[in-house]
Amino acid sequence: MTPQPNPQAGAAVKAADRAHVFHSWSAQGLIDPLAVAGAEGSYFWDYDGNRYLDFTSGLVFTNIGYQHPKVVAAIQEQAGKMTTFAPAFAVESRSEAARLIAERTPGDLDKIFFTNGGAEAVENAVRMARLHTGRTKVMSAYRSYHGATSAAINLTGDPRRWPSDTASAGVVHFWGPYLYRSPFHSETEQQECERALQHLEDTIVFEGPATIAAIVLETIPGTAGIMTPPPGYLAGVRALCDRHGIVFVLDEVMAGFGRTGKWFAADHFDVTPDLLTFAKGVNSGYVPLGGVAISAEIAETFATRPYPGGLTYSGHPLACAAAVATITAMEDEDIVGQAARLGSDILGPALAELAERHPSVGEVRGTGAFWALELVRNRETREPLVPYNASGEANAPMAAFGAAAKKNGLWPFINMNRTHVVPPCNITEAEAKEGLAALDEALTVADEHTAQ
Ligand code: PMP
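Its first residue numbered 1, the sequence shown is counted upward by one per residue in UniProt numbering.
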């Protein structure tokens, strides 16, 4: 499947990229993007004949891998029939995608508002909550990522927010549960749960419950470290929202559509939010698509009053055809079940075993195809392998770890002092084992930077 190397073609792609592409999240003069020649299943390759096993699923979106034949065929078929059409019309692929999504989202989240990606979904969830409640403040957690547009970046609780901090008023941050580095100095999950809920309630009371439109939370915070909340936490947040008339928004842009071994991460906790945002896995990112699943009560608010929001490409027929084919393939091939078994039978035990052998691994946590390894200098003190938000020389140990993985044919997901193991949900057992062996070797490089 890997074509003949063609370094000349690669050099041309790279030259045009360097001359004209302004890359996101980057200092343009300091980056050296790999020229990618192709991708299939769990692999991609460059023009020099190097092939990489993708433990990142792109940006955690290729839940069914690259170039799934049924989805590629569905996009081609839709392009032949109706490539595009404006959002105000009823279109087959759009109505079918909405039906398939609504049937899988929890509870009564039966109406689907389509967007082109995750951040726009968050923007619209916030707008719906504000209009529904007549309130303006929105609360979200530190150590979260909600997108790079106006309200979404303000809600985000990581350093990418800092330069845009004041763009929209009324955002209040609070600490969510994170036992490994507990903001509440807890020693058990139960303590962490109780203290995090008490902290959230205190924050609500002091902000003024009647001023708060929404609490926006990632069901399992992804980018910030895949921190599965302790049992009872999300049910506790649900109860606080009910008590104070606050709209509960769960952001499942990363955790949704099979990633955790269930259709939605909320299914692990038996909670139903009022609004659920999704993107990425809905069609494995083959064509940009996201959206908000809306409860019956909030949908009713807009039954006779117009909803003031929409995008030219909302519910694009091509993207929706890709979603229909993706969801159907996930169902037919039991890809959600595959993710669950990948976590319980392969990744969970193998990563725990790596943690035993490598002093640089402080903690392993996750579920399904959604895992994080927290790398530390010292297991006792839990000092991170690199300081928070490190760059340049300070980040050298993580850079060395990443380079070692790539040398062994593994493309790793790296964020601060963590590597996330987030392969396609349908990665084969042999591929997963190949990736784990490369990870094992790369961790040896990380171990060299420990001090214990
Ligand atoms: N919410 C979450 C939980 C995410 O992980 C992301 C993207 N990583 C977003 C929102 C933003 O999605 P997009 O980049 O498609 O706008």
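C-beta atoms are modelled at their ideal positions from N, C-alpha and C, and glycine is treated no differently.
Bear in mind that the values here come from a model prediction, so they are computed numbers and not experimental data.
Check	Outcome
Endpoints, beta strand (DSSP E) assigned at Arg357	Note, Arg357: premise wrong, no beta strand (DSSP E); alpha helix (DSSP H) at Gly348 to Arg357.
Closer than 7 Å: His146 CB and nearest ligand 3 heavy atom	For the structure depicted, ligand 3 is absent and the ligand set comprises only ligand 1.
Check: Asp251 C-beta below 7 Å from any heavy atom of ligand 1	yes
Closest residue to Pro177 among Ser26, Glu218 and Ser164 (Cα-Cα distance)	Glu218
Counterpart residues of Asn378 in DSSP-defined beta bridges	Glu383
Cα-Cα separation between Arg143 and Asn417, rounded to whole angstroms	14 Å
Residue nearest to Arg181 in terms of C-alpha spacing, selected from Glu431, Cys425 and Leu375	Leu375
Leu436, buried or exposed, once every other Cβ within 10 Å from all chains shown has been counted against 16	buried
Boundaries (first-last residue) of the alpha helix (DSSP H) holding Glu393	Glu393 -> no alpha helix (DSSP H), and no H or E assigned at all.
Inter-residue spacing [alpha-carbon to alpha-carbon] between Leu155 and Pro7	43 Å
Proximal residues to Ala322 (C-beta, below 6 Å), its chain only, five neighbours per side dropped	Val71, Ile75, Asn283, Tyr286 and Val287
Continuous beta strand (DSSP E) stretch holding Ala213: start and end	Ile212 to Glu218
Cys425 versus Asp345 - alpha carbon distance	13 Å
Sequence-distant residues of the same chain with beta carbon closer than 7 Å to Gly258, five excluded per side	Asn63, Gly281, Met330, Ile335, Val336, Ala339 and Cys425
Candidates Ile112, Phe401, Ala129 and Gly147, of which the one nearest Asp440 by Cα	Phe401
Within 8 Å, strictly: CB atoms of Ser42 and Asp54	yes
Cβ pair Thr84, Leu318 closer than 8 Å	yes
Segment contact, 8 Å Cβ cut-off, at least three pairs: the region 287-305 with the region 101-116	yes
Given 8 Å, three or more beta-carbon pairs between the region 79-96 and the region 258-276	no
For Asn415 and Thr228, believed in contact at Cβ under 8 Å, the rounded distance	About 17 Å; that fails the 8 Å criterion.
8 Å Cβ cutoff met for Ala404 and Val445	yes
Entirely enclosed beta strand (DSSP E) segments - the region 197-270, minimum 3 residues	212-218 and 247-251
Alpha helix (DSSP H) segments (min. 4 residues) lying fully within the region 6-84	7-20, 57-60 and 69-81
Close beta carbons around Thr149, own chain, < 6 Å, minus the five adjacent residues each side	Ala119 and Glu123
Nonlocal neighbours in the same chain, by C-beta distance under 7 Å from Gly29, ignoring five residues either side	none
8 Å Cβ cutoff met for Leu250 and Ala266	yes
C-alpha gap between Glu189 and Pro230, whole angstroms	6 Å
Which of helix, strand or coil DSSP assigns to Val445	helix
Close beta carbons around Gly10, own chain, < 6 Å, minus the five adjacent residues each side	Ala35 and Tyr47
DSSP beta-bridge partners of Val126	Bridge partners of Val126: none, in fact.
Between the CA atoms of Arg104 and Ile327 - distance to the nearest angstrom	10 Å
Rounded straight-line distance, which links the Cα of Ile226 to that of Pro397	21 Å
Where the alpha helix (DSSP H) containing Leu155 begins and where it ends	Ser150 to Leu155
Simplified DSSP state of Arg418, which is helix, strand or coil	strand
CB of Ile212 within 8 Å of CB of His173, strictly	no
Leu275, DSSP secondary structure in three states	strand
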